[in-house]
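Accompanying notes for the structure given below.
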Amino acid sequence: MTLQTPSYRPAAGDEAAPGSATPHKAGGLRALAQRHLSKLVVAPSFAAILLFVYGFIVWTVYISFTNSKMLPSYDLVGADAFSKLWRIERWYVAIENLLIFGGLFIGVSLIVGILLAVLLDQRIRGEGVLRTIYLYPMALSFIVTGTAWKWILNPGIGIQQFVRDLGFPGFTFDWIVQQDTAVYTLVIAAVWQSSGFVMALFLAALRGVDQEIIKAAYLDGASLPRIYWGIVLPSVRPVFMSAFVILAHLAVKSYDLVVALTGGGPGYASDLPATFMYEMTFRRNQIAIGSASALMMLATVVAIIVPYLYSELKGGKRV
Amino acid sequence: MSSLTSALPPAQGTGARIARWGLYLILLLFAAYYLLPLLLMIATSFKSPEEIRTGSLLSLPRDFSLDAWSYAWNRACIGADCRGMAPYFLNSLVIVGPAVIISTLFGALNGYALTKWRFRGANIVFGMILFGSFLPSQVILLPMAQTLGFLGLAGSAGGLILVHVVYGLAFTTLFFRNYYVSIPDDLVKAATIDGAGFFQIFTKIMLPLSLPILVVTIIWQFTQIWNDFLFGASFAAGGAQPVTVALNNLVNTTTGVKQYNVDMAAAMIAGLPTLVVYVLAGKYFIRGLTAGSVKG
Chain F
1 MTLQTPSYRP
11 AAGDEAAPGS
21 ATPHKAGGLR
31 ALAQRHLSKL
41 VVAPSFAAIL
51 LFVYGFIVWT
61 VYISFTNSKM
71 LPSYDLVGAD
81 AFSKLWRIER
91 WYVAIENLLI
101 FGGLFIGVSL
111 IVGILLAVLL
121 DQRIRGEGVL
131 RTIYLYPMAL
141 SFIVTGTAWK
151 WILNPGIGIQ
161 QFVRDLGFPG
171 FTFDWIVQQD
181 TAVYTLVIAA
191 VWQSSGFVMA
201 LFLAALRGVD
211 QEIIKAAYLD
221 GASLPRIYWG
231 IVLPSVRPVF
241 MSAFVILAHL
251 AVKSYDLVVA
261 LTGGGPGYAS
271 DLPATFMYEM
281 TFRRNQIAIG
291 SASALMMLAT
301 VVAIIVPYLY
311 SELKGGKRV
Chain X
1 MSSLTSALPP
11 AQGTGARIAR
21 WGLYLILLLF
31 AAYYLLPLLL
41 MIATSFKSPE
51 EIRTGSLLSL
61 PRDFSLDAWS
71 YAWNRACIGA
81 DCRGMAPYFL
91 NSLVIVGPAV
101 IISTLFGALN
111 GYALTKWRFR
121 GANIVFGMIL
131 FGSFLPSQVI
141 LLPMAQTLGF
151 LGLAGSAGGL
161 ILVHVVYGLA
171 FTTLFFRNYY
181 VSIPDDLVKA
191 ATIDGAGFFQ
201 IFTKIMLPLS
211 LPILVVTIIW
221 QFTQIWNDFL
231 FGASFAAGGA
241 QPVTVALNNL
251 VNTTTGVKQY
261 NVDMAAAMIA
271 GLPTLVVYVL
281 AGKYFIRGLT
291 AGSVKG
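Encoded structure:
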């Protein structure tokens, strides 16, 4: 769900790519067969991807230009579904929520993740154990951990009641049941789930920074915070980009989180595009509108990913 | 991987010692934040309903009881089906096993072919496969539902296996491709001169070198597929649903009295396999997460 690969540097005109020592040049007819064997081996996967990824995208585009309701219909009616989509108030709620949720989720996850990475880098005893604790939420489905979060955030039995029982009867923490604050509970839980991942990314990058430069700065009298702020963090700049892209596309795809925590409620106050799409397609018999909303999600992800892969590609040429 | 600051002399003095304590305090507070939901789940799953009502959110169970676990395992009602989580747990196993093995095998072959037997357009093919890892699944839900219907796989475990294999290919191919790139081409060249063929080199030379990336890929795929909810909810019907969908149905049921201890036990049952794998082989899981994300 989260991977991309900056270390993938596609070389334009791959025959010229360095390191592609071509073993098939070693022999005659047999090698020719071997070369085709390579294509044959990749062919089933590539065909599956062509059909199930690209073919299905085209299929969804087609559906979005029909008047499909409960069942897909194949009569084209133009861009009706799109104009309908952009007149649905609930869609605007989902978009606005995505902006709020995405912005806070990315920002706070980056801050928490970087903070933890820098702190963990100070020769901490028990670093391995702490790292394991910070990262375990990524190994669990949010459908699982959401069960606990739902309870913690439930005002009647969770934190609110806990603090009230401690002797603060006026304490209120009922974001999850309020229309205007429910989306922030998604942020709390999403940051909890993903910030450990940001920590892992940055910790790995910090350990790759040249220690001699740090030592030199230290001997010059620079303080540790200044060294991190001025030298270390700028030198791991590419990781910011990777982390941002991963978090941003996770935000757009967020689905389990909403289902497990708020179910999109109260009402549809905490809907995100992913839950909107599911609701329209499978519950409200508005397949064309559901497809149109799915394409909006795809467009957003492409807008995030393509410039990133492009810059990686350029970077690759320079190396 | 040594700490960045290990080149520096340790700080001395009272101020440094206080700073050090503060540092540990912050790290431990964060650890508490991350652990809270899990501890809450574990503690509550061992409590009686009576104790949950009267006791505090964060207290440890007084009378340690396994009742909620056994109830969740084989008696809890998921919809109208009161056989507990057990049959759904089995469904997940049936889906995960073949899906992990098949997607990993194809990933290894693809990675090998794309790096050691490069053909014209190999990078474009790889790029197009790779894009699959970013795809928002919503774009393919409806066509996939229709296609599974045509294939007679709608609502079945077989359908979900197919779905997980196809959309797992992007990750497995990425993992193996990036791993095989770092294996010297000369190994393959030498073997071809000795007369070894495509598959011989794969099984005799590449696979024996692939153990670390095999573990990374298998753990990654296992975790992803076990934790999947969207595909399971969209494509599996009734008795064929995976454990995550069953859990969601159990927890979000509106009928009857809410049994929080059973909910938590069911959640633990659904989460335990990936949690155990993470605790035992976390190193490999993290490598999968960060694979390719950090240069060098």
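Those protein sequence lines, which keep their order, are chains F and X.
For the first sequence, position 68 (counting from the first letter as 1) is numbered 68 according to the UniProt record's numbering, and the numbering increases by one without interruption.
For the second sequence, position 71 (counting from the first letter as 1) is numbered 71 according to the UniProt record's numbering, and the numbering increases by one without interruption.
Note that the Cβ used here is the ideal one computed from N, Cα and C, for glycine as well.
Nothing here was measured: the structure is a model prediction, and the numbers come from that model.
Taking 8 angstroms as the threshold (C-beta atoms), are Phe-106/X and Thr-172/X in contact? Yes, the Cβ-Cβ distance between Thr-172/X and Phe-106/X is below 8 angstroms.
Below-8 angstroms beta-carbon distance, Val-166/X vs any chain F residue: Judged by the 8 angstroms Cβ criterion, Val-166/X is in contact with chain F.
Euclidean distance between Cα positions of Phe-100/F and Gly-107/F: Note that residue 100/F corresponds to Ile in the displayed sequence, not to Phe. Across the structure, Ile-100/F and Gly-107/F are spaced so that their CA atoms are roughly 11 angstroms apart.
In the DSSP assignment, the alpha helix (DSSP H) including Ala-154/X goes from what residue to what residue? Careful: Ala-154/X lies outside any alpha helix (DSSP H) and carries neither H nor E.
DSSP three-state call for Leu-8/X: helix, strand or coil? The answer is coil: DSSP assigns Leu-8/X none of H, G, I, E or B.
Compute the Euclidean distance between the alpha carbons of Ile-26/X and Ser-194/F, then round it to the nearest angstrom. The straight-line gap from Cα to Cα measures roughly 18 angstroms.
DSSP three-state assignment for Thr-66/F, whether helix, strand or coil: Looking at Thr-66/F - three-state DSSP - the assignment turns out to be strand.
Per DSSP, what kind of secondary structure is Ile-183/X in: helix, strand or coil? Note: Ile-183/X maps to coil in three-state DSSP.
Ala-99/X and His-164/X closer than 8 angstroms at C-beta: Closer than 8 angstroms, so yes.
Could you pull out every unbroken alpha helix (DSSP H) segment of at least 4 residues lying fully inside the segment 69-129 of chain F, listed in chain order? For the segment 69-129 of chain F, whole alpha helix (DSSP H) runs of length 4 or above, ordered along the chain, are 80-85 and 89-120.
Please decide whether Tyr-268/F counts as near chain X, where near means a Cβ-Cβ distance under 8 angstroms. Judged by the 8 angstroms Cβ criterion, Tyr-268/F is not in contact with chain X.
Could you please tell me which residues of the segment 124-138 of chain F, in chain order, have their CB closer than 7 angstroms to any CB of chain X? Answer in chain order: Ile-124, Leu-130, Thr-132, Ile-133, Tyr-134, Leu-135, Tyr-136, Pro-137 and Met-138.
Does DSSP put Asp-174/F in a helix, a strand or coil? When secondary structure is reduced to three states using DSSP, Asp-174/F falls in the coil class, being assigned neither helix nor strand.
For Tyr-8/F, I'd like the list of residues in its chain whose CB is within less than 6 angstroms of its CB, leaving aside the five on either flank, ordered along the chain. Because Tyr-8/F carries a pLDDT of 37, less than 50, the predicted location of this residue cannot be relied on, and the following value inherits that uncertainty. Taken in chain order, the list of residues that qualify is empty.
By a C-beta neighbour count over all protein chains shown, 10 Å radius and 16 as the cutoff for buried, is Asn-91/X buried or exposed? Counting Cβ neighbours within 10 Å, Asn-91/X comes out buried, since at least 16 surround it.
Three-way DSSP call (helix, strand, coil) for Asp-165/F in this model: Reduced to three states, the DSSP call for Asp-165/F is helix.
In angstroms, rounded to a whole number, what distance separates the CA positions of Ala-299/F and Lys-189/X? Our two residues, Ala-299/F and Lys-189/X, have alpha carbons roughly 43 angstroms apart in a direct line.
Answer with yes or no whether the minimum CB distance from Gln-160/F to chain X is below 8 angstroms. Cβ-Cβ to chain X under 8 angstroms: no for Gln-160/F.
Could you tell me the alpha carbon to alpha carbon distance between Thr-147/F and Thr-253/X, rounded to whole angstroms? Their backbone Cα atoms lie some 13 angstroms apart in a straight line.
C-beta contact flag for Ala-145/X and Phe-235/X at 8 angstroms: The Cβ atoms of Ala-145/X and Phe-235/X sit closer than 8 angstroms to each other.
By the 10 Å Cβ neighbour count, where 16 or more other Cβ atoms means buried, how is Ser-103/X classified, buried or exposed? Ser-103/X counts as buried, since at least 16 other C-beta atoms from the protein chains shown sit within 10 angstroms of its C-beta.
Taking its Cβ as the centre, do 16 or more other Cβ atoms sit within 10 Å of Trp-192/F, making it buried, or is it exposed? Burial call: buried.
Chain F contact for Pro-273/X (CB, 8 angstroms cutoff): No, Pro-273/X does not count as interfacial toward chain F.
Closest by C-alpha distance to Phe-171/F, when choosing among Asp-180/F, Gly-158/F and Trp-151/F: It is Gly-158/F whose Cα lies nearest to the Cα of Phe-171/F.
Go through its chain and collect everything with a Cβ distance to Thr-147/X's Cβ below 6 angstroms, but skip five positions before and after it. Beyond the five residues adjoining it in sequence on each side, Thr-147/X comes within less than 6 angstroms, by CB distance, of no other residue in the same chain.
Please say whether Asn-97/F and residue 320/F have beta carbons closer to each other than 8 angstroms? Residue coverage of chain F in this structure runs from 1 to 319, which leaves residue 320/F outside it and unanswerable.
Does the segment 114-124 of chain F come within contact of the segment 200-217 of chain X, defined as at least 3 CB pairs closer than 8 angstroms? Contact between the segment 114-124 of chain F and the segment 200-217 of chain X is absent: fewer than 3 CB-CB pairs across the two stretches fall below 8 angstroms.
Name the residue from Arg-20/X, Gly-127/X, Met-268/X and Trp-117/X whose alpha carbon lies nearest to the alpha carbon of Ala-170/X. Answer by Cα proximity: Gly-127/X.
What are the boundary residues of the alpha helix (DSSP H) that Ser-194/F is part of? Where Ser-194/F is concerned, the enclosing alpha helix (DSSP H) stretches over 182-206.
For chain X, check one thing: does any of its Cβ atoms lie closer than 8 angstroms to the Cβ of Pro-234/F? Not closer than 8 angstroms to any Cβ of chain X, the Cβ of Pro-234/F fails to qualify, so no.
Of all the CB atoms in chain F, is at least one closer than 8 angstroms to the CB of Leu-141/X? At a cut-off of 8 angstroms between beta-carbon atoms, Leu-141/X makes contact with chain F.
Does the beta-carbon distance from Ile-101/X to Leu-160/X come in below 8 angstroms? Leu-160/X is positioned such that its CB atom lies no closer than 8 angstroms to that of Ile-101/X.
Given Ala-190/F as reference, the closest of Ile-289/F, Ile-95/F and Tyr-255/F once Cα atoms are compared: Residue Tyr-255/F is the option with its Cα nearest to Ala-190/F.
Return helix, strand or coil for residue 320/F, following the three-state DSSP convention. Chain F is shown from 1 up to 319; residue 320/F falls before or after that span and cannot be answered.
Range covered by the alpha helix (DSSP H) that runs through Trp-226/X: Counting along the chain, the alpha helix (DSSP H) containing Trp-226/X begins and ends at 211-227.
Just verifying my parser: in three-state terms, what is the DSSP assignment at Thr-288/F? As written in the sequence, residue 288/F is Ala, which differs from the Thr given in the question. Helix.
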